[in-house]
Amino acid sequence: MLSITNLHARIADEGREILKGLSLEVRPGEVHAIMGPNGAGKSTLSYILAGKDDYEVTEGEVRLDGDDLLTLSPDQRAARGLFLAFQYPVEIPGVANMTFLKTAVNAQRKARGEGEISTPDLMRLVREKAALLKIDPDMLKRAVNVGFSGGEKKRNDILQMAVLAPKICILDETDSGLDIDALRIVADGVNALRSPDRAFIIITHYQRLLDYIKPDVVHVLSNGRIVRSGGPELALELEAKGYAEFADAAA
Amino acid sequence: MTSHSVLKTPAEVTLARQFEEAVGDLPGTVAVRDLREAAFARFAAKGLPHRRVEEWKYTDLKARIAEAAPLAVRTSATALAEVAARPREIDGAIRLFVVDGTFHPEISDLAGLPEGLSIAALADVLDAGREDVLAVLTGLDIAKEDAALALNTAFLRDGVVIDVADGAAIAAPVEIVHVVTPAHAVSVHSRVVVILGTGAKLGLVERFVSGDAGHQRSEVLQVITGDGAELDHAAIKSDDRAALGLSTLTATLGSNAKLASFGLNSSGDLSRRQFFVRFDGDHAALNLSGANLLSERMHSDVTLVVEHVGLAGVSRELYRYVIDGEASGVFQGKVIVRPGAQKTDGRMASNALLLSDTAEMANKPELEIYADDVACGHGATCGAIDETPVFYLMSRGLPRADAEALLIRSFVGEVVDGVAIGALEPAADAVRQGLDAAIDVWLAGRSLGVAHSHQTKGRA
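Below is the structure:
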């Protein structure tokens, strides 16, 4: 489904190389966890996949269902089924959550050549998903993420994911800033979305989230490359030993 | 008469000639005539304002007006019939037409006015010499030196006088549509006077409409509120392609009076909206706000002077500018707190979103405070569209143009959402829909240039 081959990328303004030959193969239904120390390139990877233009890919390729992802704009990637849950979801004052969801759903449908969703259908869908994520219906009327707590913002991002029903979901440090209850709600929301034709890349610094969202594969990202891959037990090993040996291995 | 020796530019020379030719035929008693002579003398002493006149520093009329257009004459019957056939924008509003500077009662809604509301043609009131109206026309000290107001007074011919009796709350909003009809350039000077009795309430919408023949328009709204009176005003300039639009609002607020005035400006080449407001009574409240959507080479200037004399006045000024192309915006806000005006609470802000490298914004907030127990503040911001929310919205599937449009809407939303409260509440839906539609039109007009303007972006 998502195929990353020998990806090299740098920050466009500075020229500093962040990704140094990263390869990753994600198949439908799989959950991949990418763990690594600060500065390893975890967030850079998520931004490059989503299409943020602060980065420049110098080598390698990324394909989604065989199509070259890197030539597409962020909105085109979204319409093809790629979703990024942000480490810091952005506040959009003056735009009601429900209006925003409708705009996003219809923009993606339009890009795929589908008709608009009816307002009652959308409301039903949003309410159902919101209930699952324990999102107060009142939050749907409020401006996107404005005045939301850290946990509410993360849940709101997962709500967008649930409503947009993407093929490949990337969660960038979704656990950061969450207390244990919020973490469980978010994890339940993600688990509810797991399906044989949907894949996840969970980017995290800590093992904690993986207690709730069980990965199929765990990768260690260090110094811009995946230096080790394994089963869920690798996450526990990292939690016990830390990242020090991988930092050395990559250097 | 004052010598016209400072009137040297072709426009100034034409204005002097127009005044001399017209003054004999303009309506009004001797007192009105004195008023207009004095006003023209004040204008003639200094000529058109230019960049060395502080209040006009960023809108140099002397340089920008090459020639004064001929004075508008009486509208043709065909043109008037066309105006009268205009679809209604606000159901249930009392609609009045000022066409080419003349109030036309025959096509306005004057039948069955609600009790407490009277509407008259300004020309008739000038001929009758109503003293309270003359006092309003004389104006405020803070506006005395203003050239645009002086010229409007000099050429005063017609307009509307609205009276609301003590205690009358008029449920239906009054909508004044100011239309300029000729296919060739004309200049128009008109005036609306609103006198609100004690505890009176009125909602007023003004709409400015004209084609792009190079018209020069000058419209003045003068308001006097009795104690506890309320006026909620919205001025909509989204279909006005005049070359020059000068609009002035002067207001005197009684105790516990409330005035709210919102302005949308998304059309016209050169526009200046100016406000002179005096808090006469205690505990009065003023809320001035506006949204300016500017593209191509549009220039939009909002200049306001708010004078607190009474105790514990509350003033709020919030203006938003979205500036694209080679357009420019100006905000000059001066709040004066006189020695007795203790407990004044003033807050003023101007925020601009610059969408192109050639867009310009000049902000000049000023506070002059002579009382020691007041809370006054101002803030001005200018910036490009933030790429972080643009990326967030695009990552959810919105194409860049849609993402930017949503953010622009959200930026002006804060001021637009505050419109149509109080006495305009009954017309809230129609007013907001009209504003939304105007914003859509502006955004659609700009989307053609979007692809190009983004080449220059790439900041984090």
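Protein chains in written order, with the numbering used here: chain L, 1 to 251; chain S, 1001 to 1460. The C-beta atom is built at its ideal place from N, Cα and C for all residues, glycine as well.
Q: For the region 131–151 of chain L, enumerate the residues whose C-beta is nearer than 7 Å to any C-beta of chain S, in chain order.
A: Per Cβ criterion, the list is empty.
Q.
Going by C-alpha to C-alpha distance, which of S:W1442, S:L1398, S:E1366, S:D1212 sits closest to E1527 of chain S?
A. Lying before the first or after the last residue shown, residue 1527 of chain S is absent from chain S, which here runs from 1001 to 1460.
Q: Can you say whether T1456 of chain S is buried or exposed, counting buried as having 16 or more other CB atoms within 10 angstroms of its CB?
A: Only weak support exists for where T1456 of chain S lies, its pLDDT of 37 falling under 50; the value from the coordinates is given anyway. With fewer than 16 other Cβ atoms within 10 Å, it is exposed.
**Q.** Boundaries (first-last residue) of the beta strand (DSSP E) holding K1258 of chain S
**A.** If you look at K1258 of chain S, you'll find it in the beta strand (DSSP E) that goes 1258–1265.
Q. What residue from L:E173, L:I202, L:G115 has the CA that sits closest to E30 of chain L's CA?
A. Per the Cα distances, L:I202.
(Q) If we define contact as Cβ-Cβ less than 7 Å, is I92 of chain L a contact residue for chain S? (A) True, the Cβ-Cβ gap to chain S drops below 7 Å.
Q) Can you name the residues of chain L whose CB is closer than 8 Å to the CB of L1398 of chain S? A) Correct list: D75, T103, A104, A107.
Q | Burial state of T252 of chain L (16 or more Cβ within 10 Å) | A | Chain L is shown from 1 up to 251; residue 252 of chain L falls before or after that span and cannot be answered.
Q: Can you say whether I180 of chain L is buried or exposed, counting buried as having 16 or more other CB atoms within 10 angstroms of its CB?
A: By the Cβ-count criterion, I180 of chain L is exposed, with fewer than 16 other Cβ atoms from all chains shown falling within 10 Å of its own Cβ.
(Q) To be precise: take each residue of the region 151–177 of chain L, compare its Cβ to all Cβ atoms of chain S, and keep it if any distance is under 9 Å. Which residues remain? (A) Listed in sequence order: Q160, L164.
Q: Report the neighbours of L84 of chain L on chain A: residues whose CB is nearer than 8 Å to its CB, in chain order.
A: Although the question refers to chain A, the structure presented lacks it and instead comprises the protein chains L and S.
Q. Is L1264 of chain S closer than 7 Å to V1277 of chain S when the C-beta atoms are compared?
A. In this structure, L1264 of chain S does not lie closer than 7 Å to V1277 of chain S by Cβ.
Q.
Looking at chain L, is there any beta carbon in it that lies within less than 7 Å of the beta carbon of H1454 of chain S?
A. For H1454 of chain S, the predicted model reports a pLDDT of 42, less than 50, meaning its position is unreliable and no value from the coordinates is stated.
Q: Please classify I1090 of chain S: does DSSP put it in a helix, a strand, or coil?
A: Here I1090 of chain S sits in coil by DSSP.
Q: Kindly confirm or deny that the region 1008–1023 of chain S and the region 1146–1158 of chain S touch, where touching means at least three C-beta pairs closer than 8 Å.
A: With a cut-off of 8 Å, the region 1146–1158 of chain S and the region 1008–1023 of chain S count as touching, because enough Cβ pairs lie within range.
**Q.** Beta-bridge partners of D1232 of chain S, as assigned by DSSP
**A.** Under DSSP, the beta-bridge partners assigned to D1232 of chain S are S:G1203, S:A1260.
Q | Cβ shell of P1339 of chain S (< 6 Å), same chain only, five flanking positions each side left out | A | Taken in chain order, the residues that qualify are Y1370, A1371.
Q) Looking at C-beta atoms only, is the number of pairs between the region 163–180 of chain L and the region 197–214 of chain L that lie closer than 8 Å three or more? A) Because the criterion of three Cβ pairs below 8 Å is met, the region 163–180 of chain L and the region 197–214 of chain L touch.
Q: Could you confirm whether any beta carbon from chain L is found closer than 7 Å to the beta carbon of A1460 of chain S?
A: In this predicted model, A1460 of chain S has a pLDDT of only 30, less than 50, meaning its place in the structure is not dependable; the value taken from the coordinates is given anyway. The C-beta of A1460 of chain S comes closer than 7 Å to at least one C-beta of chain L.
Q) Mind listing which residues of the region 1402–1418 of chain S have their C-beta closer than 8 Å to chain L's C-betas, in chain order? A) Cβ contacts with chain L: D1402, A1403, L1406, L1407, R1409, S1410, F1411, G1413, E1414, D1417.
Q) Within the chosen definition, does the region 115–122 of chain L reach the region 131–149 of chain L through at least 3 CB pairs nearer than 8 Å? A) Counting Cβ pairs under 8 Å, fewer than three are found: no touch.
Q) Could one say the Cβ of Y1319 of chain S lies closer than 7 Å to chain L's Cβ atoms, at least one of them? A) Taking CB atoms only, Y1319 of chain S has no neighbour in chain L less than 7 Å away.
Q: Please confirm whether any heavy atom of the ligand HEM lies closer than 6 Å to the CB of A1349 of chain S.
A: Although the ligand HEM was asked about, the structure shown includes no ligands whatsoever.
Q: Scan the region 1152–1163 of chain S for residues whose Cβ lies nearer than 8 Å to a Cβ of chain L and list them as they occur along the chain.
A: Within the region 1152–1163 of chain S, no residue has a Cβ that lies closer than 8 Å to any Cβ of chain L.
Q | DSSP state of M1 of chain L mapped onto helix, strand, coil | A | When secondary structure is reduced to three states using DSSP, M1 of chain L falls in the coil class, being assigned neither helix nor strand.
Q. At which residue ranges does the region 1103–1162 of chain S contain complete beta strand (DSSP E) runs of 3 or more residues, listed in the order of the chain?
A. With a minimum length of 3 residues, the continuous beta strand (DSSP E) runs that stay inside the region 1103–1162 of chain S are 1117–1121.
Q | T1002 of chain S - DSSP class collapsed to helix/strand/coil | A | The predicted model places T1002 of chain S with a pLDDT of 48, which falls under 50 and marks its position as unreliable, so this point remains unresolved.
(Q) Please report whether the beta-carbon of A50 of chain L lies at a distance below 7 Å from any beta-carbon of chain S. (A) So yes, A50 of chain L belongs to the interface.
Q.
Please give me, in chain order, every unbroken run of the alpha helix (DSSP H) with length at least 4 that falls completely inside the region 91–116 of chain L.
A. Those alpha helix (DSSP H) runs which fall completely within the region 91–116 of chain L and span 4+ residues are 97–111.
Q | Contact check, A1375 of chain S vs D1345 of chain S, beta carbons under 7 Å | A | D1345 of chain S is positioned such that its CB atom lies closer than 7 Å to that of A1375 of chain S.
Q: Taking only runs that begin and end inside the region 1267–1323 of chain S, name each unbroken alpha helix (DSSP H) of 4 or more residues, in chain order.
A: Runs of the alpha helix (DSSP H) inside the region 1267–1323 of chain S: none found.
Q: Tell me, please, whether the CB atom of F1391 of chain S is closer than 7 Å to any CB atom in chain L?
A: Judged by the 7 Å Cβ criterion, F1391 of chain S is in contact with chain L.
Q. By how many angstroms is the C-alpha of G36 of chain L removed from the C-alpha of A1438 of chain S?
A. Approximately 51 Å, taken between the alpha carbons.
Q | Three-state class that DSSP yields for H1373 of chain S in the structure shown | A | The amino acid at residue 1373 of chain S is misidentified as His; the sequence shows Asp. Coil at D1373 of chain S, not helix or strand.
Q.
Within the continuous alpha helix (DSSP H) that includes L315 of chain L, where are the two ends?
A. Absent from the structure is residue 315 of chain L, since the part of chain L shown begins at 1 and ends at 251.
Q. Would the beta-carbon of S1271 of chain S fall within 7 Å of that of Y1319 of chain S?
A. No.
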